[in-house]
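Add 30 to the 1-based position in the sequence shown for this note's numbering, that's all there is to it.
Beta carbons are placed, not taken as given, at the ideal position from N, Cα and C, and that holds for glycine.
Here the structure is a predicted model, which means the values were calculated and not measured.
Notes follow the structure.
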Amino acid sequence: MVKAIQVGLGHWGFSWTKEVIPKVPAVHMAGYVDANPEAIKRVQVELGIEDKRCFLSLEDAAKGVEADLVIATLRTEAHYPVVRQALELGFNVLVEKPFASTIAQAKELVALAEQQNRILMVSQNYRFQPAPIAAAELIGAQKFGPVNLVSVDFRRHAPSQGYRYWDMPDPLLADMSIHHFDLMRMVLNDDPKRVSCRTWNPPASPFGHHPMGVATVEFEKGTIVSYRGSWMSSGPVTPWAGEWTMDCSEGEICWTSRDHFMGKAGPDRLTTRVRDAQPEAIALQPLDFADRTGTLAAIAKAIASVSVPARFSSGKDNLHSLALVQATILSAGREGAWVDIAEVMA
Ligand SMILES: NC(=O)c1ccc[n+]([C@@H]2O[C@H](COP(=O)([O-])OP(=O)(O)OC[C@H]3O[C@@H](n4cnc5c(N)ncnc54)[C@H](O)[C@@H]3O)[C@@H](O)[C@H]2O)c1
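This is the structure we're talking about:
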């Protein structure tokens, strides 16, 4: 049993407290932290959490309860100071995406985790879904031969769909595309080499920064990914993971994942099509622990044993996903000029 302290009980953090953590039996909650007393009050009133388990700082929680793991469910700008403090206090850490605001901060945290001999994982929950796992297996087995082109589309209309982060500096690339970029790496089992990206803010948009973008990503093994993402689309809404077409030399793999929209939820879907034949729907294997319960169960397993579970998004691994975010932001700032991942990793 892994004993945990959760830090950050805001909008998404409260959902972790109520809907995610209780579904992972390997994790026992020792404490809850939020700097805002209102957030503490909410978990006490709505979820019946005892006062003795609630703290206004991680430092106080570390003195008041015993734990092995910190679950950091805070806004990105708070990730670096809180994760750093958690590692210094000797905790293992599971942190929400995006890992950190800069590559330099993320690298420092990875080095600190190694120095402290602690596990640091980024909660890339989209990895723990049936369709991307099946797609990764088909690509890994070269079922349809080498990949010729990958196309990914993500479409939402944020103003009518409950989005809240209007002032976030990179609402598409840093907050949302990180999921798609991380999935590209997982499904292709490859790392990005360079990227060209354009972003913009359309008329009548409530966003302070750019909510739409297109990117071309070149991977180390030569695969090209064409990516289009929009928080301001009037087109048909895509599932959260986007719509993927993986065009290979002998056929194609089409899939989509996390089909939740305005209270409705649909299953992941994956079809394959041999060139010139009809598409075939593939039955997908449900996961014992999916999505956020998947990342939490994975770190609990990693702490309890010494083995690293499949698709484990360690802080070190996640540097490559975060680097793709930073490189697309840099490229967009340079009017779409190609940016090498090596430049942002340096
Ligand atoms: N993985 C996903 O699918 C997904 C979906 C939505 C949001 N998120 C992520 O969840 C994270 C949290 O988002 P949110 O909407 O809950 O933010 P929020 O602003 O609603 O909540 C953040 C909370 O952290 C608290 N806090 C800030 N600094 C603190 C500190 N140093 N110590 C203790 N408490 C502190 C604040 O008081 C607040 O209650 C973000 O990183 C976001 O990217 C992930």
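* Asked: With C-beta atoms as the reference, is Met198 less than 7 Å away from Asp205?
  -> yes
* Best match in Asn155, Ala234, Asn178 for proximity to Leu317 [C-alpha to C-alpha] -> Asn155
* Asked: Is Leu124 helix, strand or coil when you go by DSSP?
  -> strand
* To do: Assign Gln146 to one of three DSSP states: helix, strand, or coil.
  => helix
* Quick one, are the C-beta atoms of His109 and Ala130 less than 7 Å apart? -> yes
* If you count every other CB in all the chains shown that lies within 10 Å of the CB of His290, and 16 or more means buried, which is it? -> exposed
* To do: Under 7 Å Cβ to Cβ from Met377, same chain only, skipping five residues before and after it: list those, please.
  => Nothing in the structure corresponds to residue 377, since the chain is present only between 31 and 376.
* Taking 6 Å as the line, does the beta carbon of Asn66 fall inside it for any heavy atom of ligand 1? -> yes
* To do: Could you please give the first and the last residue of the uninterrupted beta strand (DSSP E) stretch that includes Pro222?
  => Residues 222-230.
* To do: Buried or exposed for Leu77, please, with buried defined as at least 16 other CB atoms from any protein chain shown within 10 angstroms of its CB.
  => exposed
* Asked: For Ala69, which residues from the same chain have a beta carbon less than 7 Å from its beta carbon, with the 5 sequence-adjacent residues on both sides left out?
  -> Leu39, Gly40
* **Buried versus exposed, by CB contacts within 10 Å (16 or more), Gly61** => Within a 10 Å sphere around the beta-carbon of Gly61 sit 16 or more other beta-carbons, which makes this residue buried.
* Looking at Arg157 and ligand 1, is the gap between the Cβ and the nearest heavy atom below 6 Å? -> Checking the Cβ of Arg157 against ligand 1 gives no.
* Are the stretch 272-291 and the stretch 165-181 touching by the rule of at least three beta carbon pairs closer than 8 Å? -> yes
* Asked: How would you call Gln172, buried or exposed, if buried means at least 16 neighbouring beta carbons within 10 angstroms?
  -> exposed
* Report the three-state DSSP secondary structure of Leu39 (helix, strand or coil). => coil
* Among Pro160, Lys223, Trp230, Thr246, which one has its Cα closest to the Cα of Ile16? -> Since the first residue shown for the chain is 31 and the last is 376, residue 16 is missing from the structure and cannot be characterised.
* Asked: Do Leu104 and ligand 1 come close, with the Cβ less than 6 Å from some heavy atom?
  -> yes
* Spatial neighbours of Thr354 in its chain, beta-carbon cut-off 6 Å, leaving aside the 5 residues before and after -> First, the residue type needs correcting, since residue 354 is Leu and not Thr in the sequence shown. In its chain, beyond the 5 residues on either side, Phe211, Pro222 have a beta carbon closer than 6 Å to the beta carbon of Leu354.
* DSSP three-state assignment for His209, whether helix, strand or coil -> helix
* Looking at the unbroken alpha helix (DSSP H) that takes in Met375, where does it start and where does it end? -> Membership of Met375 in the alpha helix (DSSP H) is indicated by the continuous run 371-375.
* To do: Within its chain, find whatever has a CB closer than 8 Å to the CB of Ser226; leave out the 5 residues flanking it on each side and keep chain order.
  => The beta carbon of Ser226 lies closer than 8 Å to those of Ala245, Thr246, Ser361, Gly366, Ala367, Trp368, Val369 in the same chain, with the five residues before and after it left out.
* Asked: Taking the Cβ atom as the reference point for each residue, do Val267 and Arg185 lie within a distance shorter than 7 Å?
  -> Yes.
* Asked: What are the boundary residues of the alpha helix (DSSP H) that Lys71 is part of?
  -> 67-77
* In terms of DSSP beta bridges, what is Ile283 paired with? -> Met276, Thr302
* Inter-stretch contact at 8 Å, needing at least 3 Cβ pairs: the stretch 104-122 / the stretch 82-93 -> Short answer: they touch.
* Please determine, among Asn348, Asn231, Ala328, Pro297, the residue with the shortest C-alpha to C-alpha distance to Met216. => Asn348
* Asked: Under a three-way DSSP split, which group does Thr325 fall into?
  -> For Thr325, the secondary structure class from DSSP, reduced to helix, strand or coil, is helix.
* To do: Report buried or exposed for Gln36, applying the criterion of at least 16 other Cβ atoms within 10 angstroms of its Cβ.
  => buried
* Run the CB neighbour count on Asp64, radius 10 Å, all protein chains shown included, and call it buried at 16 or more, exposed below. => It is buried - the Cβ of Asp64 has at least 16 other Cβ atoms within 10 Å.
* What span of residues does the beta strand (DSSP E) with Tyr62 cover, start to end? -> 57-63
* Please list, in chain order, all residues of the same chain as Leu88 whose beta carbon is under 8 Å from its beta carbon, the five residues on each side excluded. => For Leu88, where only same-chain residues beyond five positions count, the Cβ hits under 8 Å are Ile35, Val37, Val63, Val100, Val112, Gln115, Ala116, Leu119.
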